[in-house]
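K.L.:
Encoded as structure tokens, here's the structure I'll be asking about.
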Amino acid sequence: MLNIFILVFFALTSNLPGFSKDISSTIYMGVENKIALHLNGCAAEDINLKINSGSLFKRDDSTYSFIPQVEMEDLKLKLYYKKVLVEVKTVSVKKIPDVAPYFVGEKMGKIKKSDISSLGKLTFNYPKDYPEEMKSVVYSFNVFITDLNGVAIYSGNMRGDSFDGQITTVISKLNKGGRIIINNIIVQNLRSGHQRINNSKELMVEE
């Protein structure tokens with residue numbers, strides 16, 4: 050009860066610290082999740098952040114980080130000012146979702162011969178709350194092309210995230226039912242640099 054009176058007193062007489070509006074309702078296992086605060090003019094030494102499971106690391110006066118190791122539905126972030134609880138935020142901890150590669154111009158794994166030149170980049174469709182530092186761009190990939198009968202007509206490696214003119218020409222000569230298989234995809238991101246992913250991609254050519 051005393052804490053409630055103190056909190057009301059703070060609210061009426063001064064600004065209170067709070068959580069940043071940018072904090073996601075979902076954080077991910079095994080990666081650093083940043084928790085930003087608005088100090089609102091309050092002294093940093095009077096502010097403390099606690100959680101009901103795991104350990105927090107203070108990066109600066111208004112930023113903490115947390116690397117969760119287990120999934121949970123209700124992780125409570127508790128913000129204290131002068132030892133009084135002023136705000137609680139509940140988030141869920143989830144595994145990082147597996148994201149599949151896709152070409153910007155494809156239609157559900159299919160591409161028309163007339164649209165080959167506008168196939169675009171090989172990229173990933175990330176969930177809204179996916180950590181920015183884990184979002185990757187394609188560095189290179191292997192291309193394997195077969196005709197309608199499954200006979201290989203091209204195999205090679207591409208640097209970058211899109212087809213070059215040579216491969217575009219090969220694909221444009223395919224008949225309906227030809228297949229383009231993308232594998233050995235190497236990506237790069239801010240957190241882990243270059244790495245190979247297990248995902249592959251297959252496109253079928255339509256007239």
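Going letter by letter, the sequence shown gives residues 50 to 256 in the numbering used here.
Every residue, glycine too, gets a C-beta built ideally from N, C-alpha and C.
Would you say the stretch 173 to 180 touches the stretch 71 to 81, given that touching needs at least three Cβ pairs under 8 Å?
P.N.:
Enough Cβ pairs lie closer than 8 Å, so yes.
K.L.:
Apart from the five residues on each side of it in sequence, which residues of its chain come closer than 6 Å, Cβ to Cβ, to Asp123?
P.N.:
Reading the sequence shown from its first residue, position 74 is the one you call residue 123. These residues qualify, in order along the chain: Thr139.
K.L.:
Which parts of the stretch 106 to 176 are runs of the beta strand (DSSP E), unbroken and 3 residues or longer, counting only runs that do not cross its ends?
P.N.:
Correct list: 112 to 115, 121 to 130, 133 to 143, 150 to 152, 159 to 161, 171 to 173.
K.L.:
Using the C-alpha atoms, what's the distance from Asp109 back to Gly226?
P.N.:
Reading the sequence shown from its first residue, position 177 is the one you call residue 226. Reading the sequence shown from its first residue, position 60 is the one you call residue 109. Their backbone Cα atoms lie some 57 Å apart in a straight line.
K.L.:
Any contact between the stretch 155 to 171 and the stretch 244 to 256? By contact I mean 3 or more CB pairs, one from each, below 8 Å.
P.N.:
Short answer: they touch.
K.L.:
According to DSSP, which residues form a beta bridge with Arg244?
P.N.:
Here residue 244 refers to the residue found at position 195 when the sequence shown is read from its first residue. Note on identity: in this sequence residue 244 is Gln, with Arg being the wrong assignment. According to DSSP, Gln244 bridges with Val236.
K.L.:
Please report the straight-line C-alpha distance between Leu51 and Lys143, rounded to a whole angstrom.
P.N.:
Stepping through the sequence shown from its first residue, residue 51 is reached at position 2. Stepping through the sequence shown from its first residue, residue 143 is reached at position 94. With a pLDDT of only 48 at Leu51, under 50, the local geometry of the prediction cannot be trusted, and no value is derived from it.
K.L.:
Applying the 10 Å Cβ sphere with the 16-neighbour rule, what's the burial state of Asp213?
P.N.:
Taking the sequence shown and counting its residues from 1, one reaches residue 213 at position 164. Exposed.
K.L.:
Closest to Asp147 by CA distance: which of Gln215, Leu134, Phe173 is it?
P.N.:
Position 98 of the sequence shown, counting from 1, holds the residue named residue 147. Ranking Gln215, Leu134, Phe173 by Cα distance to Asp147 puts Phe173 first.
K.L.:
Where does Val186 sit, in a helix, a strand or coil, going by DSSP?
P.N.:
Position 137 of the sequence shown, counting from 1, holds the residue named residue 186. Correct three-state label for Val186: strand.
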